[in-house]
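Chemist: Supplied in structure tokens, the structure appears directly below.
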Amino acid sequence: MFIKRLEKIQLTLGVTFLTVFFVAVIIQVITRYVGVSVIWTEEVANYSFIWAVFMGAAVMVNRKDHFNFDLLAKKLKGNAKHSLHMVVDGILLLFCAALFFYSLTALTTFWDYKWVSLPSMKMGYVWLSLPVMSITMVIYLLSHITATLKKITAGEATE
């Protein structure tokens, strides 16, 4: 239940930021066409796209729709397949945990940097997307590992 809620929140954030991205790009195209310069639209588009992509990436990890090589997984059955999933999820978990740790360092380092076109906005809001993405990926992966462990101990066959 918690995982589904978290995914829904991330999807909502991702769609919201993607909408902001599209609106900013449309404003930029229209204003360039009429000869007016609106300088903030490029930065808003870039930074909202970053948030949209990172929120989507975390959701893809939860749904196991991220990029993967499944040639070996398709050939394996039973506990061998579950073990492979555990190894892959474990490697991803280590990577995401390290990413979370280092993204906190980057966040604190760059928090007070200002946007060029909107100096009242801090770059920290952009950098915040990294720890949010990585910690939710860690949560999703822990959920996957727990579910796989339950399958192994229950002796469930794979699909």
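Residue numbers (full-length UniProt numbering): 1 to 159. Where a beta carbon is used, it is the ideal one built from N, C-alpha and C, also for glycine. None of these values were measured; they are calculated from a predicted model.
With a 10 Å radius around its C-beta and 16 neighbouring C-beta atoms as the bar for buried, classify Phe21 as buried or exposed.
Modeler: Stepping through the sequence shown from its first residue, residue 21 is reached at position 21. With 16 or more Cβ atoms within 10 Å of its Cβ, Phe21 is classed as buried.
Chemist: Which residues in the same chain as Val138 place their Cβ atom closer than 8 Å to its Cβ, once the five residues preceding and following it in sequence are excluded?
Modeler: Against the sequence shown, residue 138 aligns to sequence position 138. Taken in chain order, the residues that qualify are Leu93, Cys96, Ala97 and Phe100.
Chemist: At which residues does the alpha helix (DSSP H) containing Asp89 begin and terminate?
Modeler: Counting from one through the sequence shown, the residue named residue 89 turns up at place 89. Where Asp89 is concerned, the enclosing alpha helix (DSSP H) stretches over Gly78 to Phe110.
Chemist: Take the Cβ of Phe14 as the centre, count every other Cβ of all protein chains shown within 10 Å, and call the residue buried at 16 or more, exposed below.
Modeler: Taking the first residue of the sequence shown as position 1, residue 14 is located at position 14. According to the sequence as given, residue 14 is Gly; it is not Phe. Buried, because 16 or more other Cβ atoms sit within 10 Å of the Cβ of Gly14.
Chemist: Skipping 5 residues on each side, what residues in its chain have a beta carbon closer than 7 Å to that of Asp65?
Modeler: The residue labelled residue 65 in the question sits at position 65 within the sequence shown. If we look at Asp65 and ignore the five residues flanking it on each side, it has no Cβ neighbours.
Chemist: For residue 162, which residues from the same chain have a beta carbon less than 6 Å from its beta carbon, with the 5 sequence-adjacent residues on both sides left out?
Modeler: As displayed, the chain neither begins before 1 nor continues past 159, which places residue 162 out of reach and without an answer.
Chemist: Considering only their Cβ atoms, is the gap separating Met121 from Trp127 smaller than 8 Å?
Modeler: Taking the sequence shown and counting its residues from 1, the one referred to as residue 127 is at position 127. Taking the sequence shown and counting its residues from 1, the one referred to as residue 121 is at position 121. No, the Cβ-Cβ distance between Trp127 and Met121 is not below 8 Å.
Chemist: Quick check on this structure: which residue in Gly124, Phe17, Ser48 and Val29 has the alpha carbon closest to the alpha carbon of Asp112?
Modeler: Along the sequence shown, one-based indexing puts residue 112 at 112. Among Gly124, Phe17, Ser48 and Val29, the Cα nearest to that of Asp112 is on Gly124.
Chemist: Express the C-alpha separation of Val87 and Lys77 in angstroms, rounding to a whole number.
Modeler: On the sequence shown, position 77 is the one that residue 77 refers to. On the sequence shown, position 87 is the one that residue 87 refers to. Rounded to the nearest angstrom, the two C-alpha atoms are 15 Å apart.
Chemist: Counting only the same chain and skipping the five closest in sequence on each side, list residues whose C-beta sits under 8 Å from that of Ala147.
Modeler: For the purposes of this step, residue 147 is taken as the residue at position 147 of the sequence shown. The beta carbon of Ala147 sits closer than 8 Å to none of the beta carbons in its chain outside the five residues before and after it.
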